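Worksheet for the structure shown next.
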């Protein structure tokens with residue numbers, strides 16, 4: 019399956035995939051130069067829902083900006099808030115009670131599962147299988163209900179505060195989370211039976227869109243894109259933050275480099291997140307969820323700070339350049355999908371359009387998160 | 194029975210009514226079936242079990258404006274949906290539902306149906322070509338290559354059955370299978386002929402009819418996650434409605450042909466009360482499996498699809514043809 | 049391990065830095081208390097490599113290079129198998145300078161985050177592109193060009209990425225009014 023090499027310019031045509039296209043899951047546009055069904059060249063055009071979060075970050079105080087982070091990625095919002103609060107706490111020297119950190123880890127992992135479940139459904143839908151999405155959404159619904167009960171919202175949570183949390187978890191949440199773990203494990207078995215073993219599904223992904231570790235490195239890919247290419251990189255393990263060193267979990271790494279490997283990584287990650295939640299619930303200490311001393315307006319000493327966290331989509335980084343004022347001097351949000359998406363242009367050359375769109379699905383794109 | 198004008202008109206009206214009713218309620222069945230498979234209610238507001246949904250949808254589609262985008266080839270654009278629907282309806286005229294219920298039985302009935310099926314493929318090409326849309330164009334090219342690839346194993350399998358029956362008359366093919374399920378073409382121990390590959394032939398035919406009707410997992414012509422909606426991207430209102438109905442009418446024809454060729458038509462599996470009810474039961478079971486397959490499997494790739502046909506189905510069906518010919522000679 | 053190696057390699061770019069010991073550079077350890085007492089000394093930081101406290105700043109090595117040294121520094125990191133995390137700018141309007149910050153990280157457990165920064169005058173912000181070394185820098189540089197108007201010399205496709213294609217403003221410049 020390789021594209022013909024020599025082409026006259028009048029032998030190709032331009033196909034605009036997007037900005038409104040079912041496979042792009044949002045307003046993403048890929049300008050493809052096609053030779054029949056083969057892609058000769060592709061140029062991704064992003065920025066259709068760019069909202070300039072970074073400028074908002076400079077104009078708002080630290081606390082005012084907090085809710086913007088969850089608007090970046092509507093599927094895995096808590097991970098992004100987590101990165102931001104960790105950075106400000108680190109830079110401003112705010113102590114966080116242990117209970118708050120545990121609850122953060124539990125909720126982030128729940129959110130990660132929810133995000134992966136949605137991706138799973140949408141990915142199989144990209145390949146033409148409709149039903150798994152409904153099953154995945156039902157499992158995700160349990161998580162959204164749980165998170166709604168404690169955070170008050172279903173998607174764009176502003177649950178974390180500098181120094182702790184907005185709301186403590188109650189017994190209902192803990193009981194629901196405990197009930198959820200075995201239920202999710204049963205569902206995972208079902209998904210593997212229904213989807214992973216399906217011959218058409220495997221045929222469509224095996225060996226498709228191989229990404230070498232070298233390409234991942236040049237583009238700075240993270241999350242399942244890197245881990246599906248045999249790179250053992252997970253910020254939770256490589257740069258332990260929060261209470262993650264307390265948990266016993268594995269980082270699933272697959273060496274096949276193809277779309278199926280990326281799929282397998284995410285599916286295996288759900289199980290690892292369940293393990294973290296299980297241990298977190300067992301170890302959950304008592305105590306306050308906010309520092310004893312009430313925090314006044316937050317000011318960060320001048321300097322340059324960086325914090326990376328592993329969100330559902332990869333290594334999310336926040337860079338803060340502070341001049342000591344009430345607002346950040348510069349706030350840079352490094353979104354993981356931005357880098358993951360970038361390698362699409364180079365990697366999809368010579369692929370069939372249907373393989374390329376399956377590949378795009380395996381990158382787990384959330385467009386607002388690319389565009390910021 | 195002499196062929197009078199009245200006969201033909203009545204037959205065609207009944208065929209249209211049957212095809213349209215089937216198409217409408219198969220959409221309902223599909224949506225309810227999909228909903229059941231996906232653990233959601235499906236259409237259940239209009240009428241009991243949502244049974245009024247299809248006519249209301251029809252009214253909605255007909256009330257919409259038929260939008261013709263600028264720059265399309267108008268004649269072909271308008272002709273394509275009609276060309277999709279017309280052969281589907283015409284095919285019903287020759288399909289025997291029982292030994293009494295048949296519009297007009299012909300000695301070359303099966304050839305007629307396949308001739309009409311090719312026109313259906315042409316309508317996809319017209320629709321894609323005339324839409325002036327790159328996605329539609331790609332889709333129609335896919336649909337045509339798919340139609341060509343799958344007509345071959347389908348026809349070879351049909352020839353096998355025709356050889357066994359000794360006639361191209363659909364009525365005659367069914368009559369050759371009367372008297373209980375062990376006489377059906379699908380079973381290898383058909384009286385006087387022992388061909389272990391007939392079950393495989395049935396599967397080939399079934400797969401091909403899935404592909405010929407552009408159903409998942411072979412719905413590469415539509416492939417909504419890649420080609421938006423394929424050849425009917427630019428169609429709205431009843432233009433889309435006709436394509437949609439043609440798809441379901443074709444499903445009914447595919448299921449009917451499978452029943453007639455392999456499952457004994459209106460014959461009862463146990464030999465008593467043969468009649469149209471057995472025929473309907475069989476085709477709706479087959480249609481239910483069509484729906485089931487669609488909502489279970491992801492889509493194949495275009496090369497996977499063509500490879501399946503050219504590298505697996507055609508050689509296998511050819512082998513079965515040879516084997517059957519040899520066995521017929523021996524016994 | 050890799051930290052030491054990279055540090056030495058990066059220090060090799062600055063021949064004069066052997067004379068001035070690395071640790072003596074001003075902003076090496078700035079904790080909250082100290083910086084409050086001494087509001088801002090505002091003497092421009094000289095080019096060179098500084099070790100940072102990972103616990104506070106989130107990275108280990110902070111190298112400020114001149115735009116001319118940039119490509120060399122980045123190729124050093126490329127050879128040492130770093131991956132590119134992000135590129136961003138900071139508008140230091142008081143000092144009439146633009147800063148470009150490159151973040152690099154490693155995939156293995158030998159943790160070493162390196163920040164490379166370079167400063168250019170605000171009136172003529174031109175930095176060589178590193179897209180030849182890291183293909184993934186392409187979008188990051190386009191984004192930085194969008195937001196700050198920093199030109200990346202030799203960039204293959206420096207058109208607006210996140211901003212509209214006819215955008216003639218650079219929203220993250222400090223003199224841009226919302």
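Residue numbers (the working numbering), protein chains in the order written: chain A, 19 to 390; chain B, 194 to 524; chain C, 49 to 226.
Beta carbons are placed, not taken as given, at the ideal position from N, Cα and C, and that holds for glycine.
Because the structure is a prediction, the values reported are computed rather than measured.
Is it right to say residue i is buried, meaning 16 or more other beta carbons lie within 10 angstroms of its own, or is it exposed?
| i | result |
| --- | --- |
| residue 463/B | exposed |
| residue 188/C | buried |
| residue 217/C | exposed |
| residue 258/A | exposed |
| residue 474/B | exposed |
| residue 331/A | buried |
| residue 292/A | buried |
| residue 252/B | exposed |
| residue 213/A | buried |
| residue 201/B | exposed |
| residue 89/C | With a pLDDT of only 45 at residue 89/C, under the threshold of 50, the placement of this residue in the model should not be trusted, and no figure is reported. |
| residue 322/B | buried |
| residue 84/C | A caution first: residue 84/C carries a pLDDT of 41, below 50, which makes its placement in the model too unreliable to give a value. |
| residue 415/B | buried |
| residue 157/C | exposed |
| residue 443/B | buried |
| residue 367/B | buried |
| residue 311/B | exposed |
| residue 451/B | buried |
Contact criterion: CB-CB distance below 9 Å. Does residue i meet it with respect to chain C?
| i | result |
| --- | --- |
| residue 267/A | no |
| residue 239/A | yes |
| residue 357/A | yes |
Can you check whether the C-beta of residue i is within less than 9 Å of a C-beta belonging to chain B?
| i | result |
| --- | --- |
| residue 399/A | Chain A is shown from 19 up to 390; residue 399/A falls before or after that span and cannot be answered. |
| residue 41/A | yes |
| residue 216/A | yes |
| residue 21/A | For residue 21/A, the predicted model reports a pLDDT of 49, less than 50, meaning its position is unreliable; a value from the coordinates is still stated below. Not an interface residue. |
Taking 9 Å as the threshold (beta carbon to beta carbon), is residue i in contact with chain A?
| i | result |
| --- | --- |
| residue 505/B | no |
| residue 106/C | yes |
| residue 509/B | no |
| residue 440/B | no |
| residue 405/B | no |
| residue 153/C | yes |
Assuming contact is defined by CB atoms lying nearer than 9 Å, are residue i and residue j in contact in what I supplied?
| i | j | result |
| --- | --- | --- |
| residue 231/A | residue 182/C | no |
| residue 342/B | residue 316/B | no |
| residue 61/C | residue 138/C | no |
| residue 191/C | residue 167/C | no |
| residue 456/B | residue 388/B | no |
| residue 130/A | residue 101/A | no |
| residue 402/B | residue 146/A | no |
| residue 377/A | residue 226/A | yes |
| residue 499/B | residue 339/B | yes |
| residue 204/B | residue 286/B | yes |
| residue 108/A | residue 134/C | no |
| residue 380/A | residue 237/A | no |
| residue 201/C | residue 176/C | yes |
| residue 435/B | residue 426/B | no |
Look up residue i in the DSSP assignment and give the residues it is bridged to.
| i | result |
| --- | --- |
| residue 182/A | 179/A |
| residue 97/C | 111/C |
| residue 323/A | 338/A |
| residue 237/A | DSSP, once it has assigned bridges, lists no residue as partnering residue 237/A. |
| residue 137/C | 148/C |
Open item on the list: Please identify, using Cβ separations under 8 Å, the residues of the region 489-502 of chain B that lie next to chain A, in order along the chain.
Closed with: Listed by position along the chain: 489, 490, 491, 492, 493, 494, 495, 496 and 497.
Check: If you measure beta-carbon to beta-carbon, which residues of the region 183-205 of chain C are closer than 9 Å to chain A?
Finding: Cβ contacts with chain A come from 183, 184, 185, 186, 187, 188, 191, 194, 195 and 205.
### Interfacial residues, the region 43-63 of chain A to chain B, with Cβ spacing under 7 Å
For the region 43-63 of chain A, the beta-carbon criterion of a distance under 7 Å to any beta-carbon of chain B is satisfied by 55.
Worksheet entry | Contact list for the region 327-344 of chain A against chain B, Cβ threshold 9 Å | Result list empty, no residue passes.
Residues of the region 223-245 of chain B with Cβ closer than 8 Å to any Cβ of chain A, in chain order = Residues passing the 8 Å Cβ filter: 227, 230, 231, 232 and 233.
Point to revise | Interfacial residues, the region 310-339 of chain B to chain A, with Cβ spacing under 7 Å | key: Along the region 310-339 of chain B, the positions whose C-beta sits under 7 Å from a C-beta of chain A are 327 and 331, read in chain order.
- What residues in the region 63-74 of chain A bring their beta carbon closer than 7 Å to a beta carbon of chain C? Taking 7 Å as the Cβ-Cβ cut-off against chain C, the residues of the region 63-74 of chain A that qualify are 64, 65, 68, 70, 72 and 73.
**Q.** Cβ-based contacts, 7 Å cut-off: residues of the region 249-277 of chain A near chain C
**A.** In summary, the residues of the region 249-277 of chain A whose CB is separated from some CB of chain C by less than 7 Å are 249, 251, 256 and 257, in the order they occur in the chain.
Anything in the region 359-371 of chain A with a Cβ closer than 9 Å to a Cβ of chain C? List those residues in chain order, please.
Within the region 359-371 of chain A, those residues whose Cβ lies closer than 9 Å to any Cβ of chain C are, in chain order, 359, 360, 361, 363 and 364.
Report the residues of the region 186-212 of chain A with a CB closer than 7 Å to any CB of chain B, ordered along the chain. Listed by position along the chain: nothing, the set is empty.
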